[in-house]
Amino acid sequence: MPATPGGPRVLLRRLREVMAEPVSAQDRLDKIVILIAANMVAEVCSVYVMRGDGDLELFATEGLNREAVHHTRMRAGEGLVGLIATTAEPLALSDAQSHPAFSYRPETGEEIYHAFLGVPLLRAGNTLGVLVVQNRTFRTYAEEEIEALQTTAMVLAEMLASGELQTLSSTDSTSALRQPLHQRGIPLADGVGLGYVVLHEPRVVIKNLIAESVEAEVARLETAIAEVRASIDELIEHGDVAHHGEHREVLETFRMFAHDQGWLRRMREAVLSGLTAEAAVERVQSDTRARMLRQTDPYLRDRLHDLDDLANRLLHRLVGRNLVAERASLPENSILVARSMGPAALLDYDRSRLRGLVLEEGGPTSHIAIVARAIGIPAVGEVANVTALVEPGDAIIVDGSAGDVQIRPRVDVEAAYAEKARLRARRQAQYRRLRTVAPVTADGIEITLQMNAGLIVDLPHLTETGASGVGLFRTELQFMVAERMPAASEQQALYRAVMTAVGDEPVTFRTLDIGGDKILPYMRSVEEENPALGWRAIRIGLDRPGLLRAQVRALLKASDGRKLRIMFPMVATCDEFARAKALVDRESAYLQRHGYSLPADLKLGVMLEVPSLLFQIEEICATADFISIGSNDLLQFLFAADRDNRMVAERFDPLSAPALRALKTVADAANRSGCPVSVCGEIAGRPLEAMALIGLGFRALSMAPTSIGPVKAMLLELDAGAVGAFLEKELARAGGAETLRSQLISFAEQHNIPI
Ligand code: PEP
Ligand code: MG
């Protein structure tokens, strides 16, 4: 390896001096490339910056033709520079011109150079540009030289991120970092929110990149590593998650990484090259992130995420921020951006200042999505790499209904969304005015409108919406958002709070519907080929009755002289319901023997969501005190189409003749036998579908709180008799699996029914 005069330490020291000089950005960059070229004993050093349009523009050069600066541009993926930007990895070649990706640009005069070393300018895993050195000879760059150039690249990346270089571009196209961006994710919670980025895990801003004393920085790094290790040990030994499955595994993985020699060595080397301890951690973290973004294996991605988390812990130790205080002082109109977040963390924020949530992870059934919906915060999930695409304080818009995120939106885009948000607010104000209006159709049929709930934060919606009670209380949500199994006393306290909140209105508690996609983090899950068809809900309850018994007991105790309604999910046979009833009877008898007061009135119902019950419907109606149709599952099983798989979920229309006939079978049988029946799946909350359900003979619907207004507005204008006759005629006429959607829309339009 040729002598690098003074090595990276000297270079970093000189860079620090240049950074502090009161010169223009271009002068500074010109000095920097001269310094790097001299230090690396290279004839050429060039900096290419990624523009907003993705092109890489030559911003400064020592050695190439200076006329080319701000003129030469490479498209993403073009030439060696484009290749480095795309792969985000260094590239060292002894003969650049024989590389297939080499792209000759006559204006630069680079034909006389053979050896080529380029590294990406990375920040938070994003490529902001490329730094290149070139030599005339056919030489091989040593590992240490590549490392040294990467370290230098980090300093340049910080300079870019600070915005200092933006004004230098050949056109006014802003750099990639500040460009408006439209990202698509998946809708988690409805609504439109406009505001400013707040990072849930605030990025540590590193002000000092270059060490004054390498020895002191080595000591700081070692202390921070020791402290992080000790804090992980502490969590494992004494944390309240110590004995619960997954959490412990995550921490164990953390501990393993905290002792990973390769990772530690790379950080130590970065400090020895002249960076401060925090800059060294960030330097290594940036590489990890770049690898993470390209990693497709989910297991390896997770492990890289773990390393990233560890690096964050180290950074927070080294730069010492008080996150608790920062969370408490949330600015107005905040939009939280996070890789992932626990539900409890979301509840820690001041809700009155929160306008939205954007996550890199988090599917629609994730716990955080459930909580976001419950507290009415628009949320979008699965937005790849979003934490790296934003800066704190950036303007951002979350459209939780469409799954769109607009980062640094243009003025016209912002105006369009502001209008959308205003319209939504106006409509909601109209719905709020309907709160006290009785839900009676135009022809005088009373429809019971109830809400679905599952958490204590849902309960204020009762008075806000005017719902007549809770038609479906999903008890598993309490379990899903908790870090550990809720104790019997905690279950009882929640049930009692719910009963108190509803007062005289009814509340129907559904027993634990776990398994399938609803995994409890602290319970070992069994690998199943088809979890939706597997060991879940009542099946677990009957096979391992401990959990169900404890829950039933908590419900019975909580009711304490009040009315109690319990229903069982995923019942497939009459016999299962009979066994569940017997379990409740045994618990009642037990409590009575021990002097507890039992519910004044106990009703036990069946959740109808497995098609086999359609063919036992008379018997079910005769034995159940009530039935509630879980149409989300019923339709998924009826059409054998996974409700969470976007490729098939919308393939079969709930308003198609087969679906409507199945629903009608239940309505007819229940109405004939006098067994109360309701619908509590998502279709009950969509005005058009709800109109059809009323037409089929349903008189009770339970839905998300936000749907109550729109459904009530619809039914106030509806002639239930007329839609019933219309549907009967259409169903008799419809052939095959024809959908009646357009006919129902026409019906609504003709009769001025808002849908
Ligand atoms: C349903 O299946 O329709 C239902 C309401 O239950 P969940 O969505 O909780 O499965
Ligand atoms: Mg269900």
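Last residue of the sequence shown: number 777 in my numbering, and the count goes up by one each step with no gaps. Cβ coordinates follow ideal geometry from the N, Cα and C atoms, glycine included. None of the values given here were measured: they were computed from a predicted structure.
*Straight-line CA distance for valine 699 to serine 650?*
It is roughly 6 Å from the alpha-carbon of valine 699 to the alpha-carbon of serine 650.
*Just to confirm, does glycine 703 get its C-beta within under 7 Å of one of the non-hydrogen atoms of the ligand PEP?*
Because some heavy atom of the ligand PEP lies under 7 Å away, the Cβ of glycine 703 counts as near it: yes.
*By DSSP, does leucine 477 sit in helix, in strand, or in coil?*
Secondary structure of leucine 477 (DSSP, three-state): coil.
*Please report the residue range of the alpha helix (DSSP H) in which glutamine 513 lies.*
In the DSSP annotation of this structure, the continuous segment of the alpha helix (DSSP H) that includes glutamine 513 starts and ends at 510-524.
*Using 10 angstroms around the beta-carbon of isoleucine 134, count the other beta-carbons present and answer buried if the total reaches 16, otherwise exposed.*
Within 10 angstroms of the beta-carbon of isoleucine 134 lie fewer than 16 other beta-carbons, which makes it exposed.
*Could you tell me the boundaries of the beta strand (DSSP E) in which methionine 72 lies?*
Per DSSP, the continuous beta strand (DSSP E) segment holding methionine 72 begins and ends at 66-72.
_Separation of alanine 406 from glutamate 413, as counted between CA atoms_ = About 15 Å.
*Do you know whose CA, among Pro142, Leu624, Gly101, Leu115, lies nearest serine 125's CA?*
Of Pro142, Leu624, Gly101, Leu115, the residue nearest in Cα terms is Gly101.
*Own chain, CB closer than 6 Å to leucine 481, minus 5 neighbours either side, in chain order*: Ala523.
*asked:* Between isoleucine 58 and valine 155, how many whole angstroms is the CB-CB distance? I'm expecting something under 8 Å.
replied: About 7 Å; that satisfies the 8 Å criterion.
*Would you mind reading off the limits of the beta strand (DSSP E) that contains arginine 566?*
Bounds of any beta strand (DSSP E) do not take in arginine 566, whose DSSP letter is neither H nor E.
*Based on Cα-Cα distance, which residue from Gly415, Ser351, Arg339 lies nearest to isoleucine 357?*
The residue with the shortest Cα to Cα distance from isoleucine 357 is Gly415.
_Output needed for glutamine 172: all residues of its chain with C-beta closer than 6 Å, excluding positions within five of it in sequence on either side, in chain order._
Contacts found: Val141.
*State the start and end residues of the unbroken alpha helix (DSSP H) segment that holds methionine 289.*
Per DSSP, methionine 289 belongs to the alpha helix (DSSP H) from 283-294.
*How many Å lie between arginine 311 and glutamate 739 at the Cα?*
Answer to the nearest angstrom: the Cα atoms are 56 Å apart.
*Considering serine 724, what are the terminal residues of the beta strand (DSSP E) in which it resides?*
That run of the beta strand (DSSP E) goes 722-725.
*Inter-residue Cα distance where the pair is leucine 243 and aspartate 52*: Each residue's alpha carbon lies about 33 Å from the other.
*Do you know whose CA, among Arg532, Leu153, Leu150, Asn654, lies nearest methionine 589's CA?*
Here the closest residue by C-alpha is Arg532.
*From the DSSP output, in three-state form, read off tyrosine 126 for me.*
The DSSP-derived three-state label of tyrosine 126 is coil.
_Please determine whether the Cβ atom of serine 653 lies at a distance below 7 Å from any heavy atom of the ligand PEP._
Yes; taking the cut-off as 7 Å, the Cβ of serine 653 has a heavy atom of the ligand PEP nearer than that.
*asked:* For the ligand MG, I want to know if aspartate 526 counts as a neighbour, meaning its beta carbon is within less than 7 Å of at least one of the ligand's heavy atoms.
replied: Checking the Cβ of aspartate 526 against the ligand MG gives no.
_Taking only three categories from DSSP, how would you classify leucine 33?_
If DSSP states are grouped into helix, strand and coil, leucine 33 belongs with the helices.
*Who are the Cβ neighbours of aspartate 194 in its own chain at under 6 Å, not counting the five residues just before and after it?*
Residue confidence for aspartate 194 is low, a pLDDT of 48 falling below 50, so the modelled location carries little weight; the figure read from the coordinates is stated next. If we look at aspartate 194 and ignore the five residues flanking it on each side, it has no Cβ neighbours.
*In three-state terms, what does DSSP make of lysine 625?*
Here lysine 625 sits in strand by DSSP.
*asked:* Going by beta-carbon coordinates alone, are tyrosine 439 and valine 214 separated by less than 8 Å?
replied: The answer is yes: Cβ separation under 8 Å.
_Suppose you measure from the CA of leucine 715 to the CA of cysteine 643; what does that come to, to the nearest Å?_
Whole-angstrom Cα-Cα distance: 19 Å.
*Is the CB-CB distance between leucine 471 and valine 733 below 8 Å?*
Taking 8 Å as the Cβ cut-off, leucine 471 and valine 733 qualify as a contacting pair.
*Closer than 6 Å by C-beta to alanine 146: which residues in its own chain qualify, once you throw out the five before and the five after it? Chain order, please.*
Take alanine 146, set aside five residues on each side of it, and the residues of its chain with a beta-carbon closer than 6 Å to its own are Ala410, in chain order.
*Tell me whether aspartate 480 counts as near the ligand PEP, meaning its Cβ is closer than 7 Å to at least one heavy atom of that ligand.*
For aspartate 480, the shortest separation between its Cβ and any heavy atom of the ligand PEP does not lie below 7 Å.
*Looking at leucine 564 and glutamate 609, is the spacing between their C-beta atoms short of 8 Å?*
Contact: no.
*asked:* Closest to asparagine 355 by C-alpha separation, out of Arg339, Leu379, Ala744, would be which residue?
replied: Residue Leu379 is the option with its Cα nearest to asparagine 355.
*Whole-angstrom distance between threonine 595 and phenylalanine 637, CA atom to CA atom*: Those two C-alpha atoms are separated by around 10 Å.
*Mark lysine 229 as exposed unless 16 or more other C-beta atoms lie within 10 angstroms of its C-beta, in which case mark it buried.*
Lysine 229 is exposed by the Cβ-count criterion.
*In whole angstroms, what is the alpha-carbon distance linking alanine 509 and arginine 571?*
Taking the straight line joining both Cα atoms gives about 13 Å.
_Burial state of leucine 555 (16 or more Cβ within 10 Å)_ = Exposed, by the Cβ-count rule.
*How is the alpha helix (DSSP H) around glutamate 640 delimited, first residue to last?*
Per DSSP, glutamate 640 belongs to the alpha helix (DSSP H) from 639-645.
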